[in-house]
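Residue numbers (the numbering used here): 33 to 468.
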């Protein structure tokens, strides 16, 4: 959910040296002790024969798996789970250890690590100007340095980077492409039906994946009790790893391994919790969150925000199925689609937003006005047409999006994170919008 813009649119500890007598307590000067610490850290990084597994937790959310192999010539070879290419192809860049208030590990040439903090939102899907709010310069604190584990803190955004010494088998998993194979799990998004389930042992789990937030939610029944479990995830030498394991009675799931994808039959299978299963589909949630639709609608009203989507509707396996990203209004370019609940007592706003280069501002040139929706007891929300705003088209991408919004079957709202929801067609679960 983003901060509201519609009111505008519709109108038009550390290390430091000091000269005092405290230095006489130590046999060496502060600079000498600092240099010794830097040399010790470098030695530890370099002498890890099989390199280091790494997980970075950007300040903007999510978790990403890396592998680093440092040498004593200030060079580091790395892999990253951010994309297929970076998981399967190594990249070499430079690093250095330097005293910057505290000892710091600095990755000083553009690398896979920099992709997460790239300010170009097209590179990593983050916010324009800040990316995922990750770091490539990290402070090292002595208390966080262990023989097989080093925890670091980003100097700018305070993102966390945790290094753990890799085994020979884990190093081989990266260099042989096994980690890249684990990313085949992302093909779960190629199922045309939104609701996806896998049976592992005696339990059927419904999987809701948020690739942007890097979270996975598992919904399941424990006896007759409905339960949901959400955790961050990353890919590494052991496959898809949960940041927090799921404990379901005697079954503990730490992630998914042995990932296999059959493109011909569009089937994904994997192992987890001591069992192996194949993903199947369903047309409604295994467990319906009957209050989700009302929470989704109420949240922007309470916080003064709105919901945004770049692609609008995903239909039958196709992102931006109606082509809203190709919309233009005169010379103004499309930016995103917005839903503003409670615009007034009678209707909401559902509309494309454009950027005017000449005015240097975002503009809502036209839109559709759904009546305040109906929230049904079975968890569905149903939208109906109240009217339009401005010269709203009756054909084309925007009009088709509004027409589908008004489908009388309604939608289920699936909360995928604290700030994101998916709105899924109750007709056949083959059309949905991801709101943030």
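Heads up, the beta-carbon is just placed ideally off N, CA and C, and yes, glycines get one too.
Taking Cβ positions, are residue 100 and residue 91 nearer each other than 7 Å?
The residue given as residue 100 occupies position 68 in the chain shown. The residue given as residue 91 occupies position 59 in the chain shown. Using a Cβ distance threshold of 7 Å, residue 100 and residue 91 do not count as a contacting pair.
Just checking residue 414 against the ligand MN - is the residue's beta carbon closer than 6 Å to any of the ligand's heavy atoms?
The ligand MN is not part of the structure shown, which contains no ligands of any sort.
I'd like to check one pair, residue 462 with residue 243: are the Cβ atoms closer than 7 Å?
Looking up residue 243 in the chain shown gives position 211. Looking up residue 462 in the chain shown gives position 430. No, these two residues do not count as a Cβ contact at 7 Å.
Could you give the DSSP three-state label for residue 56: helix, strand or coil?
For the purposes of this step, residue 56 is identified with residue 24 of the chain shown, where counting begins at 1. Because the pLDDT at residue 56 is just 45, under 50, the model does not fix this residue reliably, and the value given afterwards should be weighed accordingly. Three-state result, residue 56: helix.
When the Cα atoms are used, what is the spatial distance from residue 66 to residue 128?
On the chain shown, position 34 is the one that residue 66 refers to. On the chain shown, position 96 is the one that residue 128 refers to. Approximately 14 Å between the Cα atoms of the pair.
By Cβ distance, which residues of its chain are closer than 7 Å to residue 57, with the 5 residues on each side in sequence left out?
The residue given as residue 57 occupies position 25 in the chain shown. Note that residue 57 scores 48 on pLDDT, short of 50, meaning its location in the model is unreliable; the coordinates nonetheless yield the value given after this. Correct list: empty, nothing qualifies.
So, residue 211 versus residue 203, is the Cβ gap smaller than 7 Å?
Start at 1 with the first residue of the chain shown, and residue 211 comes out as number 179. Start at 1 with the first residue of the chain shown, and residue 203 comes out as number 171. It is not a contact, given that the beta carbons lie outside the stated cut-off.
If we ignore side chains and look at the alpha-carbon of each, how far apart do residue 73 and residue 255 end up?
Start at 1 with the first residue of the chain shown, and residue 73 comes out as number 41. Start at 1 with the first residue of the chain shown, and residue 255 comes out as number 223. Using only the alpha carbons, I get a separation of about 51 Å.
Neighbour-count burial assignment, residue 105, 16 or more Cβ in a 10 Å radius:
For this step, residue 105 is matched to residue 73 along the chain shown. Residue 105 is exposed by the Cβ-count criterion.
Between the CA atoms of residue 144 and residue 218 - distance to the nearest angstrom:
Along the chain shown, one-based indexing puts residue 218 at 186. Along the chain shown, one-based indexing puts residue 144 at 112. Near 19 Å, if we compare the C-alpha coordinates of residue 144 and residue 218.
State the start and end residues of the unbroken alpha helix (DSSP H) segment that holds residue 276.
Counting from one through the chain shown, the residue named residue 276 turns up at place 244. If you look at residue 276, you'll find it isn't in any alpha helix (DSSP H); it sits in the beta strand (DSSP E) that goes 271-280.
Taking C-beta to C-beta, are residue 438 and residue 417 nearer than 7 Å?
Working through the chain shown from its first residue, we reach residue 438 at position 406. Working through the chain shown from its first residue, we reach residue 417 at position 385. Yes.
May I ask you to verify whether the stretch 310-328 touches the stretch 398-418, counting CB pairs closer than 8 Å and requiring at least 3?
They touch, by the three-pair rule.
Under the rule that 16 or more other beta-carbon atoms within 10 Å means buried, what is residue 64, buried or exposed?
Within the chain shown, numbered from 1, the residue matching residue 64 stands at position 32. By the neighbour-count rule (16 or more Cβ atoms within 10 Å), residue 64 is not buried but exposed.
Any idea what DSSP makes of residue 141, helix, strand or coil?
Here residue 141 refers to the residue found at position 109 when the chain shown is read from its first residue. Here residue 141 sits in coil by DSSP.
So what does DSSP say about residue 216, is it helix, strand or coil?
As a first step, residue 216 must be located in the chain shown, where it is residue number 184. In the structure shown, residue 216 sits in a helix (DSSP, three-state: H, G or I).
Exposure of residue 336, with buried meaning 16 or more beta-carbon neighbours within 10 Å:
Walking along the chain shown from the start, residue 336 turns up at place 304. It is exposed - the Cβ of residue 336 has fewer than 16 other Cβ atoms within 10 Å.
Would you be able to state if there are at least three C-beta pairs under 8 Å between the stretch 345-358 and the stretch 389-407?
Contact annotation: the stretch 389-407 does not touch the stretch 345-358, with fewer than three C-beta pairs closer than 8 Å.
Work out the CA separation of residue 453 and residue 54 for me, nearest whole Å.
For the purposes of this step, residue 54 is taken as residue 22 along the chain shown, with counting starting at 1. For the purposes of this step, residue 453 is taken as residue 421 along the chain shown, with counting starting at 1. Residue confidence for residue 54 is low, a pLDDT of 45 falling below 50, so the modelled location carries little weight and cannot support an answer.
What residue range does the alpha helix (DSSP H) around residue 120 cover?
As a first step, residue 120 is located in the chain shown; it is residue number 88 there, counting from the start. Run containing residue 120: 116-120, per the alpha helix (DSSP H) assignment.
Could you pull the DSSP bridge partners for residue 298 from this structure?
In the chain shown, counting from the first residue as 1, residue 298 sits at position 266. Beta-bridge pairing links residue 298 to no other residue.
So, helix, strand or coil for residue 197, using DSSP?
Taking the first residue of the chain shown as position 1, residue 197 is located at position 165. DSSP places residue 197 in strand when its eight states are reduced to three.
Same chain, Cβ closer than 6 Å to residue 347, neighbours up to 5 away in sequence not counted
Stepping through the chain shown from its first residue, residue 347 is reached at position 315. Close CB contacts of residue 347 within its chain, under the 6 Å cut and outside five residues either way in sequence, are with 353 and 463 (chain order).
Beta-carbon separation of residue 394 and residue 385 under 7 Å?
Taking the chain shown and counting its residues from 1, one reaches residue 394 at position 362. Taking the chain shown and counting its residues from 1, one reaches residue 385 at position 353. The answer is yes: Cβ separation under 7 Å.
DSSP beta-bridge partners for residue 98?
Locating residue 98 in the chain shown gives position 66, counting from the first residue. Note: residue 98 sits in a beta bridge opposite 86 and 112.
Three or more C-beta pairs under 8 Å: does that hold for the stretch 186-204 against the stretch 238-253?
With the cut-off at 8 Å, the stretch 186-204 and the stretch 238-253 do not touch.
Pick out whichever of 147, 163 and 374 has its Cα sitting closest to the Cα of residue 153.
Here residue 153 refers to the residue found at position 121 of the chain shown. The residue from 147, 163 and 374 with its alpha-carbon nearest to that of residue 153 is 163.
When you compare only the Cα positions, how much space is there between residue 241 and residue 342?
Against the chain shown, residue 241 aligns to sequence position 209. Against the chain shown, residue 342 aligns to sequence position 310. Cα-Cα distance, rounded: 18 Å.
In terms of residue numbering, what span does the alpha helix (DSSP H) encompassing residue 73 cover?
Residue 73 sits at position 41 when you count from the first residue of the chain shown. If you look at residue 73, you'll find it in the alpha helix (DSSP H) that goes 62-78.
Measuring only the C-alpha atoms, how far is residue 208 from residue 170?
For this step, residue 208 is matched to residue 176 along the chain shown. For this step, residue 170 is matched to residue 138 along the chain shown. Spanning the two alpha carbons is a distance of roughly 29 Å.
Outcome for residue 151 when other beta-carbon atoms lying within 10 angstroms are tallied against a minimum of 16
Translated into positions along the chain shown, residue 151 becomes position 119. Residue environment: residue 151 is assigned as exposed (fewer than 16 neighbouring CB atoms within 10 Å of its CB, all protein chains considered).
Whether residue 271 touches residue 214 by CB criterion (7 Å):
Stepping through the chain shown from its first residue, residue 271 is reached at position 239. Stepping through the chain shown from its first residue, residue 214 is reached at position 182. Contact flag set, yes.
Using the beta-carbon count (16 or more within 10 Å), is residue 44 buried or exposed?
As a first step, residue 44 must be located in the chain shown, where it is residue number 12. Caution is warranted here: a pLDDT of 40 is assigned to residue 44, below 50, making its placement in the model unreliable, and no coordinate value can be reported.
Here's the rule I'm using: 16 or more other beta-carbon atoms within 10 Å means buried, otherwise exposed. How should residue 338 be labelled?
Locating residue 338 in the chain shown gives position 306, counting from the first residue. Looking at its Cβ environment, which holds 16 or more other Cβ atoms inside 10 Å, residue 338 is buried.
Thinking C-alpha only, which one of 156, 294 and 125 is nearest residue 148?
Position 116 of the chain shown, counting from 1, holds the residue named residue 148. Comparing Cα positions, the closest option is 156.
Would you mind sorting residue 279 into buried or exposed? The rule is 16 or more other CB atoms within 10 Å of its CB.
As a position in the chain shown, residue 279 is number 247, starting the count at 1. By the neighbour-count criterion, in which a residue is buried when 16 or more other Cβ atoms sit within 10 angstroms of its Cβ, residue 279 is exposed.
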